[in-house]
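Numbering (the UniProt record's numbering), first residue to last: 1 to 288. Every residue gets a Cβ at the ideal spot worked out from N, C-alpha and C, and that includes glycine. Step one of this worksheet: look at the structure below.
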Amino acid sequence: MSTSRGPAPVAEGDHSFFAYDDDTEWADVVLRSVHAGLGSGRRVLCDVDAKPTGVVLDVLRSGGIDVTAAQEGGRLRVATSGGFFRRHLPFDPDRVIPLVRAACAEAIADGFAGLTVLEDKSWCARGVPGAERLLEYELRLDREVYADLPVTGLCMFDRRVVPARLAGLLSGAHHSAVSATAEPEPRPFTVSALRDGAGVRLSGSADLDSRSDLAAALAAITGIPGPTVQLDLTHATFIDAEAVAALVEATHRLRRQGRRLMLHNPPYSLRRVAQLFPDECGALEVPV
Numbered sequence: 001m002s003t004s005r006g007p008a009p010v011a012e013g014d015h016s017f018f019a020y021d022d023d024t025e026w027a028d029v030v031l032r033s034v035h036a037g038l039g040s041g042r043r044v045l046c047d048v049d050a051k052p053t054g055v056v057l058d059v060l061r062s063g064g065i066d067v068t069a070a071q072e073g074g075r076l077r078v079a080t081s082g083g084f085f086r087r088h089l090p091f092d093p094d095r096v097i098p099l100v101r102a103a104c105a106e107a108i109a110d111g112f113a114g115l116t117v118l119e120d121k122s123w124c125a126r127g128v129p130g131a132e133r134l135l136e137y138e139l140r141l142d143r144e145v146y147a148d149l150p151v152t153g154l155c156m157f158d159r160r161v162v163p164a165r166l167a168g169l170l171s172g173a174h175h176s177a178v179s180a181t182a183e184p185e186p187r188p189f190t191v192s193a194l195r196d197g198a199g200v201r202l203s204g205s206a207d208l209d210s211r212s213d214l215a216a217a218l219a220a221i222t223g224i225p226g227p228t229v230q231l232d233l234t235h236a237t238f239i240d241a242e243a244v245a246a247l248v249e250a251t252h253r254l255r256r257q258g259r260r261l262m263l264h265n266p267p268y269s270l271r272r273v274a275q276l277f278p279d280e281c282g283a284l285e286v287p288v
């Protein structure tokens, strides 16, 4: 049986983020999450990235899970090299999201209540082709997977491999964070998925310090499908002129695809830039 120490496992139906720098902490979270998935009657998919398959199997056995029975009964699947959803590169959300949906449909057809996916995504910092689209993928999962399927996901990132800035940006695309340590420091700039529409929410300050984060966020936004992509700026505290220019370029990029970018509740700083440069900012759309 699982130990009593450490953080609680990912909640059922949640899409959670877990950054670790200690293998004992990693093992505890994996064990608890697999226990929770099996206990809820779901099929559990476990992808441990670069760690040998035997390592996770030993963790589960030491925690009281009958690994052989779980695997033979189809309740537990542990990925080999390449994982479950990135065997074909470059990594492409348009290809991977249907694979996740198909895996859930297969689990249900096999008599399971749904699917629990534990995936170590530290590969995003190893130069894997298409890794730059991981943020887009994480932002799209809410609307394209979690909204209508019984899927629980835990995305894991090794801090010893993944740069803190990248991990921080990716963390915002998840519902919650699993941690056995202190709460992470607030991020000056975050991007998160809108649960009630096709789009994202930008929070914090878009300025020189967050220039690369904004570029990554806008690249992800333009990959979100749908005729209109919503961008909620209610919690954006400041947007400088260069950030406004980046928003204009993102608007033009979507228009070239026959789509629209709709800005909601932009801060005074953006509206002021638009007043000073009306011709350059004329493409920006803000609902009245």
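Assigned secondary structure, Ala72 (DSSP; H/G/I helix, E/B strand, else coil) | By one-based count along the sequence shown, residue 72 stands at place 72. Here residue 72 is Glu; the residue named in the question, Ala, does not match the sequence. Helix at Glu72.
- Item | Supposed close pair Leu261, Ala250 - CB separation, criterion 8 Å | On the sequence shown, position 261 is the one that residue 261 refers to. On the sequence shown, position 250 is the one that residue 250 refers to. Confirmed, Cβ separation roughly 6 Å.
* Identity of the residue in Gly258, Phe157, Asp209 nearest Phe238 by Cα -> Translated into positions along the sequence shown, residue 238 becomes position 238. That would be Asp209, whose Cα lies nearest to the Cα of Phe238.
Next item on the list: Have a look at His15 and Arg259 and give me their C-alpha separation to the nearest angstrom.
Entry: Within the sequence shown, residue 15 is the residue found at index 15, counting from 1. Within the sequence shown, residue 259 is the residue found at index 259, counting from 1. Going by the C-alpha atoms only, they are around 28 Å apart.
Which full runs of the alpha helix (DSSP H) of 4+ residues lie inside the region 111-157, going along the chain? 134-141
Review point. Grouping DSSP H, G and I as helix and E and B as strand, with all else coil, what is Gln230?
Key: Sequence index remark: in the sequence shown, residue 230 carries index 230 (1-based). DSSP places Gln230 in strand when its eight states are reduced to three.
- Item | Sequence-distant residues of the same chain with beta carbon closer than 6 Å to Gly83, five excluded per side | For the purposes of this step, residue 83 is identified with residue 83 of the sequence shown, where counting begins at 1. So the list reads Asp47, once near-sequence residues are dropped.
Quick one: give me the first and last residue of the beta strand (DSSP E) that His235 is part of.
Sequence index remark: in the sequence shown, residue 235 carries index 235 (1-based). Element bounds for His235: n/a, residue is neither H nor E.
Practice item. Quickly, what does DSSP pair residue 289 with across the bridge? List them, please. Key: Outside the displayed span of the chain (1 to 288) sits residue 289, for which this structure offers no information.
State the start and end residues of the unbroken beta strand (DSSP E) segment that holds Ala19. Locating residue 19 in the sequence shown gives position 19, counting from the first residue. Per DSSP, Ala19 belongs to the beta strand (DSSP E) from 15-20.
**Report entry** Simplified DSSP assignment, three categories, for Ala177
**Finding:** Indexing the sequence shown from 1 puts residue 177 at position 177. In this structure, Ala177 counts as strand in the three-state DSSP scheme.
If we count the other Cβ atoms within 10 Å of its Cβ and call it buried at 16 or more, is Val288 buried or exposed?
Within the sequence shown, residue 288 is the residue found at index 288, counting from 1. That one is exposed.
query: What is the residue span of the beta strand (DSSP E) that Leu261 lies within?
result: Translated into positions along the sequence shown, residue 261 becomes position 261. Start and end: 260-264.
Contact check, Leu118 vs Ser33 under 8 Å by CB: the rounded distance? Within the sequence shown, numbered from 1, the residue matching residue 118 stands at position 118. Within the sequence shown, numbered from 1, the residue matching residue 33 stands at position 33. Indeed they touch by this definition, with Cβ atoms about 6 Å apart.
- Cβ pair count under 8 Å reaching 3, the region 132-146 against the region 202-219: yes
Task: Environment of Ser212 [buried if 16+ CB atoms lie within 10 Å] - done: Working through the sequence shown from its first residue, we reach residue 212 at position 212. So Ser212 ends up on the exposed side.
In chain order, what residues of the same chain have a beta carbon less than 6 Å from the beta carbon of Glu72, not counting five sequence neighbours either side? Residue numbering aside, residue 72 sits at position 72 when the sequence shown is read from its first letter. So no residue of the chain qualifies.
Checklist line | Identity of the residue in Tyr137, Cys155, Cys281 nearest Ala220 by Cα | finding: As a working note, residue 220 is residue 220 in the sequence shown. Taking only the C-alpha atoms, the option nearest Ala220 is Tyr137.
Review point. At a cut of 8 Å, does the region 220-230 reach the region 195-206 through at least three beta carbon pairs?
Key: yes
- Output the distance between the C-alpha atoms of Val96 and Ile224, rounded to the nearest integer angstrom. Locating residue 96 in the sequence shown gives position 96, where the first residue counts as 1. Locating residue 224 in the sequence shown gives position 224, where the first residue counts as 1. Cα-Cα distance, rounded: 14 Å.
Are three or more beta carbon pairs between the region 108-128 and the region 151-159 nearer than 8 Å?
-> yes
Practice item. Using three-state DSSP, classify Arg160 as helix, strand or coil. Key: The count along the sequence shown starts at 1 and reaches residue 160 at position 160. Coil, per DSSP.
In the DSSP output, which residue or residues are listed as bridge partners for Leu45?
By one-based count along the sequence shown, residue 45 stands at place 45. Paired residue(s): Arg77, Val117.
**Prompt:** Any idea what DSSP makes of Gly63, helix, strand or coil?
**Reply:** Against the sequence shown, residue 63 aligns to sequence position 63. Of the three classes helix, strand and coil, the one that applies to Gly63 here is coil, per DSSP.
- Query: Do you know offhand how far Phe91's Cα is from Gln275's?
  - Reply: Here residue 91 refers to the residue found at position 91 when the sequence shown is read from its first residue. Here residue 275 refers to the residue found at position 275 when the sequence shown is read from its first residue. So the two alpha carbons sit approximately 41 Å from each other.
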